[in-house]
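Q: To convert a position in the sequence shown, counted from 1, into our numbering, add 799.
Note that the Cβ used here is the ideal one computed from N, Cα and C, for glycine as well.
Since this is a predicted model, take the numbers as computed values, not measurements.
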Amino acid sequence: MSQLPPPAPIPPPARAGAPGAVASARPPRRTGFWTVRTGISRRAYWVFALTGLITPLLMWAALAAWGGMDPTFLPSPTAVLAKTWTWATETGLLEDMGISIYRVVAGFVLSAVIALPLGLLIGSFRSVQALLEPLTDLIRYMPAVAFIPLVMLWVGIDEGSKIAIIFIGTFFQMVLMVAEDVRRVPAAQVEAAQTMGANRRELLEKVILPSAKPALLDTLRITMGWAWTYLVVAELVAANSGLGYAILRAQRFLQTDTIFAGIIVIGLIGLVTDQLFRWLHRRAFPWLYLKG
């Protein structure tokens, strides 16, 4: 009987730091649009983004042209564009945009100035959390529009009332989101700083706050978007200018093209604001965007 060849020797396992160990342990990198958390090229990103924006516009135009819809209920994109141009050149679109931007920014800044330090305390100290978080949780479920009668009684019907509604709509959500961002700071960082002798103030200023900054900026970006959603509600309070006021006035006269124009303008301003926050995030924390 022929003798079988001896089995090939088994290679010894690669050391943990050896290049071969890393290469064999790492799975092959997959590419494709449907691979989870895999990046795509900038060109592909813009192709998808433009497709997502243009497709609904084409569907809207087709429905308005061939869907048998009454223009009173669904004006065409060209009619809305023409109305926007008339609004900009004849009836004060820029003035309405300016006053609405002022109201949103003022309410948002006031909310952020108070919510950031308060959320930092709630997220850092269990005693403050027990004292304030249940009340904040309760109020955040109350619709901002329900506060309009009280705001009119307490603040009046001038600009302060509109800013107050936007403040109410964003403040309580922002406090809880900031507190959650602070709680996500790794406990190991806090414990290491305590081991090195850091006091309470140093923990807040040099450990917790720097570690939470990227998440905090994202929270500001999200709540800024919420501030824009409360604009129309805020301008219910005895307003005579602004984008929300123009939309509400157009509703009374069935000027649907003006309603569409106002909604789109608000959306575009919000989109620009969101992109500015994203740009600021990339500039402030560039290491988060390094490709691994």
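#1: Check S910 in the structure and name its three-state DSSP category.
#2: In chain order, what residues of the same chain lie with their CB nearer than 6 Å to the CB of A1045, ignoring the 5 residues before and after it?
#3: I'd like the list of long-range same chain contacts for R1081, defined as Cβ closer than 6 Å, with 5 residues on each side in sequence excluded.
#4: When the Cα of F1052 is compared with those of F872, I964, L1015, which residue comes out closest?
#5: Please indicate yes or no: does the CB of S926 lie closer than 7 Å to some heavy atom of the ligand MG?
#6: Mapping DSSP to helix, strand and coil, what is S840?
#7: How long is the line joining the alpha carbons of V821 and P1009, rounded to whole angstroms?
#8: Would you check if the region 873–886 and the region 944–954 touch, i.e. whether three or more CB-CB distances between them fall below 8 Å?
#9: Does the contact criterion of 3 or more C-beta pairs under 8 Å hold for the region 898–905 versus the region 1028–1042?
#10: Is it the case that the Cβ atoms of F970 and S899 are separated by a distance below 8 Å?
#11: How many Å lie between T854 and L1003 at the Cα?
#12: Threshold first: 3 residues or longer. Then list the beta strand (DSSP E) segments lying entirely within the region 917–968, N to C.
#13: Could you check the C-alpha separation between P1013 and I921 for me, to the nearest Å?
#14: Taking its Cβ as the centre, do 16 or more other Cβ atoms sit within 10 Å of T1022, making it buried, or is it exposed?
A: From the atom records:
#1: Stepping through the sequence shown from its first residue, residue 910 is reached at position 111. DSSP places S910 in helix when its eight states are reduced to three.
#2: Locating residue 1045 in the sequence shown gives position 246, where the first residue counts as 1. D895, G1061.
#3: In the sequence shown, the residue the question calls residue 1081 occupies position 282. So the list reads Y1088, once near-sequence residues are dropped.
#4: The sequence position of residue 1052 within the sequence shown is 253, counting from 1. Minimum Cα distance to F1052 is reached at F872.
#5: The ligand MG is not part of the structure shown, which contains no ligands of any sort.
#6: Position 41 of the sequence shown holds residue 840. Looking at S840 - three-state DSSP - the assignment turns out to be coil, as it is neither helix nor strand.
#7: The residue you call residue 821 lines up with position 22 of the sequence shown. The residue you call residue 1009 lines up with position 210 of the sequence shown. Residue placement at V821 is flagged as unreliable, the pLDDT there being 47, under the threshold of 50; the coordinate-derived value follows with that caveat. One C-alpha to the other measures close to 32 Å.
#8: no
#9: yes
#10: Position 171 of the sequence shown, counted from the first residue, corresponds to residue 970. Position 100 of the sequence shown, counted from the first residue, corresponds to residue 899. Contact: no.
#11: Start at 1 with the first residue of the sequence shown, and residue 854 comes out as number 55. Start at 1 with the first residue of the sequence shown, and residue 1003 comes out as number 204. Using only the alpha carbons, I get a separation of about 48 Å.
#12: none
#13: Sequence index remark: in the sequence shown, residue 1013 carries index 214 (1-based). Sequence index remark: in the sequence shown, residue 921 carries index 122 (1-based). Between P1013 and I921, the C-alpha separation is close to 18 Å.
#14: Along the sequence shown, one-based indexing puts residue 1022 at 223. Buried.
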